[in-house]
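Chemist:
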Amino acid sequence: MQPILRIANVIEDGRIAGPQLRIAAVAQALKHTGVQTTVVHPQQESEAFAARLDAIGIDRVALPIHRLARNRKAIVWYLISFPLEIYLLWRLFCRGRYDFVHCSGGFWQIKGLIAAKLAGTKALWHINDTVLPRWLRPIFLLACRSLADGVIVAGERVRSHYMGDARLPMPVIEIQAPVDCRKFYPASAAAAPALARTSALKIVTVANLNPLKGVEHFIGMAALLSQWFDDLAFYIVGPAYDSQNAYVSALKESIRQNDLTNVHLMGASNNIPGILQAADVYVCSSIAEASPISVWEAMAMGKAIVSTDVGDVKRFVIDGVSGYVVPSRDAQSLAEATAKFVRDRSLRERCGAVARQVALEKLDISVCVAAHRMAYSRC
């Protein structure tokens, strides 16, 4: 099929997580509708992301792009390399003759927008976090008006956090992170052996190990539930990057101090459907999210959900119907909500069935692809 549209999707952080998974999944699905995506990512820390793109046949370009991080060396390199990276992106956009530049990430991932403006290429700014300091909102709005032809927000809470009551002169389109409900399908996934071998009731979270995921509160919940119930097992699935060594060490120390031999740090996994198939309850303990793809995946797998009130979770997880939503940073509330599912298997099954239906109707990749096509047509 000849491409109808050619998109350059730029992300300045190559470490694989929700945004990178979204980019890959949407690019693959859009390909079947005549939209050709080239993913532009950093040369460093992108090995897993690049391998995923290669495996599904998505074009990619690796450039020496530096991400902003909270250490002096990273900040210095970000500032020093900023002009060169703008030039490299501008040159790529001019040569590639793209219809749109789709810039993924938060406020700081602005290089693609500047380069697109210089190249005369339309640009979409895809915002997918809720951590922008309030004092930077006017600067963000000014940047939008100056650089973007459209804005995609990963949820209503993202829109509110970044824009408040402000109105922008370009389209602002909400697109939740997608889940492929054909891949995350209970009837087709075999339970991961590492979890299936135990008969304990299994409580799972999937998250990169960093403070925004609130994993310490998941561990606190596990400590409480282990006092209340016998025969529970807790699994924390996700990578730990070198930048989070201190945080991960603190998590391990908390597990040790509480003598939680039933809490397992599993590391990264390429078999998330299998992990979720084995789970009895899925818990999200995050402190901040935009559109938590791991929650949507658990819903698609028909799992009962307990989640903190982050992103737009409350719009899709209804208390007592498809799960429970509790305040963030509150291990006690997480434990009390999860205990309801521990006690009542039929409640788990009922909520899981509803969660699956919500994912199919509102969060499936087909919904996301249609929204992307609409965004490209409107901007």
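Take any residue in the sequence shown, count from 1 to its spot, add 881: that is its number in the working numbering. Heads up, the beta-carbon is just placed ideally off N, CA and C, and yes, glycines get one too. Remember, it's a predicted structure, so these values are computed and weren't measured experimentally.
1. Between 1170, 1217 and 921, which has its C-alpha nearest residue 1195's C-alpha?
2. Is residue 967 near residue 992, with beta carbons less than 7 Å apart?
3. Could you check the C-alpha separation between residue 970 and residue 887 for me, to the nearest Å?
4. The alpha helix (DSSP H) spanning residue 1265 covers which residue range?
5. Pick from 1028, 937 and 913: whose alpha carbon is nearest that of residue 981?
6. So, helix, strand or coil for residue 1110, using DSSP?
7. With DSSP as the reference, label residue 1009 as helix, strand or coil.
8. Just to confirm the assignment, what range does the beta strand (DSSP E) spanning residue 1174 have?
9. Please report the residue range of the alpha helix (DSSP H) in which residue 981 lies.
10. Against chain C, with Cβ distances strictly below 7 Å, would residue 1230 count as a contact?
11. Does DSSP put residue 1253 in a helix, in a strand, or in coil?
12. Which parts of the region 1040-1124 are runs of the alpha helix (DSSP H), unbroken and 4 residues or longer, counting only runs that do not cross its ends?
13. Note the first and the last residue of the continuous beta strand (DSSP E) segment covering residue 889.
14. Candidates 1032, 1099, 914 and 949: which alpha carbon is nearest residue 1090's?
15. Relative to the C-alpha of residue 1151, which residue among 1242, 918 and 1070 is closest?
16. Quick one, which of 1105, 902, 1168 and 1074 has its alpha-carbon nearest residue 1147's?
17. Using a Cβ-Cβ cut-off of 6 Å (strictly less than) and excluding sequence neighbours within five positions of residue 941, which residues of its own chain qualify?
18. Using alpha carbons as the reference points, say which of 1249, 1083, 1093 and 1255 lies closest to residue 1315.
19. Could you check whether residue 1159 and residue 1088 sit closer than 7 Å to each other, using their CB atoms as the reference points?
20. Taking all protein chains shown into account, do 16 or more other C-beta atoms lie within 10 angstroms of the C-beta of residue 909, making it buried, or fewer, making it exposed?
21. Buried or exposed, going by whether 16 or more other CB atoms sit within 10 Å of the CB of residue 1016?
22. For residue 1054 and residue 1260, I'd like the C-alpha separation in whole angstroms.
23. State the Cα-Cα distance for the pair residue 1051 and residue 1032, rounded to the nearest angstrom.
24. Over what stretch of residues does the beta strand (DSSP E) that includes residue 1033 continue unbroken?
25. By the three-class DSSP mapping on this structure, what secondary structure does residue 1003 have?
26. Where does residue 939 fall in DSSP's three states?
27. Since residue 1148 sits in a beta bridge, which residues does DSSP pair it with?
28. Could you tell me which residues DSSP pairs with residue 1164 in its beta bridges?
29. Since residue 987 and residue 1009 should fall inside the 8 Å C-beta cutoff, what is the C-beta to C-beta distance between them, to a whole number of angstroms?
30. Have a look at 1192, 1135, 1219 and 1034 and flag the residue whose alpha-carbon is nearest the alpha-carbon of residue 1167.
31. Run through DSSP, which three-state label would residue 970 get?
32. Within 10 angstroms of the Cβ of residue 1184, are there 16 or more other Cβ atoms? Answer buried if so, exposed if not.
33. Using beta-carbon positions only, say whether residue 1079 and residue 1117 come within less than 7 Å of one another.
34. Once the 5 residues before and after residue 962 are set aside, which same chain residues still bring their CB inside 6 Å of it?
35. Closer than 8 Å is the cut-off here; do at least three beta carbon pairs connect the region 1234-1245 with the region 1200-1209?
Modeler: A quick look at the data gives this:
1. 1170
2. yes
3. 16 Å
4. Outside the displayed range of the chain (882 to 1260) lies residue 1265, so it cannot be described from this structure.
5. 1028
6. coil
7. coil
8. Per DSSP, residue 1174 lies in no beta strand (DSSP E) segment; the continuous alpha helix (DSSP H) that holds it begins and ends at 1174-1181.
9. Run containing residue 981: none in the alpha helix (DSSP H); it sits in the beta strand (DSSP E), 981-985.
10. The structure shown has no chain C; it contains just one protein chain.
11. helix
12. Runs of the alpha helix (DSSP H) inside the region 1040-1124: 1074-1077 and 1096-1109.
13. 886-892
14. Taking the Cα of residue 1090 as reference, the smallest distance to any Cα among 1032, 1099, 914 and 949 is reached at 1099.
15. Selected option, being the one with the closest Cα: 1070.
16. 1074
17. Excluding its 5 nearest sequence neighbours in each direction, residue 941 has C-beta neighbours in its own chain below 6 Å: 920 and 934, listed in chain order.
18. Outside the shown range of the chain, which is 882 to 1260, sits residue 1315, and nothing can be said about it.
19. Contact: no.
20. buried
21. Residue 1016 is exposed by the Cβ-count criterion.
22. 10 Å
23. 7 Å
24. 1031-1034
25. Here DSSP, grouped into helix, strand and coil, assigns residue 1003 to strand.
26. Collapsing the DSSP output to three states places residue 939 in coil.
27. Beta-bridge analysis with DSSP links residue 1148 to 1118.
28. 1187
29. The pair is a contact, with the Cβ atoms about 7 Å apart (cut-off 8 Å).
30. It is 1192.
31. helix
32. buried
33. no
34. Correct list, in chain order: 947.
35. yes
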